[in-house]
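Below you'll find the structure, written out as structure tokens, and then a few comments.
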Amino acid sequence: MQAGVLELEQGPWGGNGGKTWNMGRADHISNVKIHYNDAVFAFDFTFTVDGVTKTIHVGGDAPQYNEITLEEDEYFTFISGYFKTMWATDVFITQLTLETNKGNSVSTGNAIGSHFSLNLEDEGKILGFFGRQGSTIDAIEAIGGRMVKVGPWGGNGGHAWDMGQADRITKLKIYYGDNIVGLETTYILNGNSHTNKHGTTTGASKEIILEEDEYFTSISGYFHALSNYQRHAIVMLLTLDTNKGASISVGKKTGTSFALTLEEGSKILGFFGRAGTAIDAVGIHCSLPN
Numbered sequence: 001m002q003a004g005v006l007e008l009e010q011g012p013w014g015g016n017g018g019k020t021w022n023m024g025r026a027d028h029i030s031n032v033k034i035h036y037n038d039a040v041f042a043f044d045f046t047f048t049v050d051g052v053t054k055t056i057h058v059g060g061d062a063p064q065y066n067e068i069t070l071e072e073d074e075y076f077t078f079i080s081g082y083f084k085t086m087w088a089t090d091v092f093i094t095q096l097t098l099e100t101n102k103g104n105s106v107s108t109g110n111a112i113g114s115h116f117s118l119n120l121e122d123e124g125k126i127l128g129f130f131g132r133q134g135s136t137i138d139a140i141e142a143i144g145g146r147m148v149k150v151g152p153w154g155g156n157g158g159h160a161w162d163m164g165q166a167d168r169i170t171k172l173k174i175y176y177g178d179n180i181v182g183l184e185t186t187y188i189l190n191g192n193s194h195t196n197k198h199g200t201t202t203g204a205s206k207e208i209i210l211e212e213d214e215y216f217t218s219i220s221g222y223f224h225a226l227s228n229y230q231r232h233a234i235v236m237l238l239t240l241d242t243n244k245g246a247s248i249s250v251g252k253k254t255g256t257s258f259a260l261t262l263e264e265g266s267k268i269l270g271f272f273g274r275a276g277t278a279i280d281a282v283g284i285h286c287s288l289p290n
């Protein structure tokens with residue numbers, strides 16, 4: 001799963017013909033095929049979102065293509081290309097190059113027309129693509145960002161979990177007993193609502209529902225080793241505050257404290273950590289302000 005990201009939409013490069021296409025933001029892009037002839041005709045993107053692998057085709061078709069397969073820890077950091085008026089008055093992408101953080105690349109087409117490029121630095125990565133399509137690729141845009149992942153706080157018991165980064169968190173439910181036993185997060189990603197559950201998500205709970213323009217800005221709590229969890233440290237108390245002054249706080253102030261308040265404009269957009277029958281550890285994905 002990707003870390004928290006400050007999203008930046010770069011582009012569009014190309015023309016206004018055709019209709020819009022959008023692959024959305026991926027957790028990981030694993031393969032790209034670029035079909036070409038006199039121009040870039042089509043893309044096949046294979047990517048993972050929420051643990052599900054998807055492949056989409058955009059554009060027309062051409063028998064020739066170049067492709068690149070990315071390793072699990074590999075991602076695109078650079079895009080460049082050319083666009084030009086062709087076949088009367090339409091503008092098309094004529095050449096495209098993508099490069100990864102490991103120095104691999106795929107390049108297709110003819111370097112004619114107007115040039116464009118985007119180079120992401122400081123742990124930047126390309127998260128997805130969108131643009132315009134018809135029988136060819138009329139335009140392309142890239143979604144880029146900088147990864148920020150903080151934590152986790154707690155112990156090493158249980159198993160690792162990661163909900164990734166959401167576009168917006170809409171509800172958080174915290175399950176508790178003598179300690180924090182479960183988390184249930186409802187969120188929006190690429191226009192769809194999802195619910196992510198970890199730990200024990202039955203029994204006593206408290207919840208907070210966030211308004212459309214509301215988001216978490218701070219997290220704090222306590223973790224402590226408990227004998228009934230084989231002396232593993234467990235999250236004992238969890239508090240989250242929003243930009244509108246609302247908060248949710250559940251648990252007991254026992255053990256070692258932790259706290260993080262984000263700078264103005266930053267948002268908590270996801271959670272990760274460790275869990276078994278309880279929440280062993282919790283961390284956050286967050287965006288950074290411009």
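full-length UniProt numbering puts the first residue of the sequence shown at 1, with every later residue one more than the last. Positions of the beta carbon are idealized from the N, C-alpha and C atoms, including for glycine. On a predicted model such as this, the values are computed, not experimentally measured, just so you know.
Between Leu127 and Thr77 the beta-carbon gap is near 11 Å, outside 8 Å, which marks them as no contact. Boundaries of the beta strand (DSSP E) around Ser105: 105-109. Cβ neighbours of Thr261 within its own chain (closer than 6 Å, five residues either side excluded): Ser218. In the structure shown, Ser193 falls within a strand segment according to DSSP collapsed to helix, strand and coil. By the neighbour-count criterion, in which a residue is buried when 16 or more other Cβ atoms sit within 10 angstroms of its Cβ, Trp87 is exposed. Between the stretch 153-163 and the stretch 202-213, the count of C-beta pairs closer than 8 Å stays below three; the two stretches do not touch. In this structure, Trp153 sits away from Val250, with a CB-CB distance that is not shorter than 8 Å.
Taking the CA atoms as reference points, Ile56 sits about 7 Å from Met23. If you check the CB distance, Val58 and Gln165 do not come in under 8 Å. Here Tyr65 carries a strand assignment [DSSP, helix/strand/coil].
Annotation: Asn228 to Thr277 spans about 11 Å, alpha carbon to alpha carbon.
Its Cα nearest to that of Phe116, the residue Glu141 stands out among Ser105, Val150, Thr69, Glu141.
Under DSSP, Val40 takes part in a beta bridge, and its partners are Tyr36.
Annotation: the continuous beta strand (DSSP E) that includes Asn119 extends over 114-119. When the Cα atoms are used, Lys267 and Ile169 turn out to be separated by approximately 10 Å. Pairing Asn110 with Thr69 gives a Cβ-Cβ distance that is not under 8 Å.
Under the three-state reduction of DSSP output, Ser227 falls in the helix class.
Between Gly14 and Ala139 a beta carbon distance of about 3 Å is seen, short of the 8 Å cut, so the two are scored as contacting. Going by DSSP, His57 is part of the beta strand (DSSP E) stretching over 52-59. A residue is called buried when at least 16 other Cβ atoms come within 10 angstroms of its Cβ; Ala204 does not meet this threshold and is exposed.
Following the DSSP letters along the chain, one finds Trp87 in no beta strand (DSSP E), marked with neither H nor E. Relative to the Cα of Ile248, the nearest Cα in the group Leu237, Asn16, Ile143 belongs to Leu237. The secondary-structure analysis by DSSP pairs Thr186 across a beta bridge with Lys171, Thr195. The criterion of a C-beta distance shorter than 8 Å is not satisfied by Ser105 and Leu96. Between the alpha carbons of Thr195 and Thr185 lies a gap of roughly 6 Å. About 5 Å separates the Cβ atoms of Thr239 and Ser220, confirming a contact at the 8 Å cut-off. A straight line joining the alpha-carbon of Gly124 with that of Gly144 spans about 7 Å.
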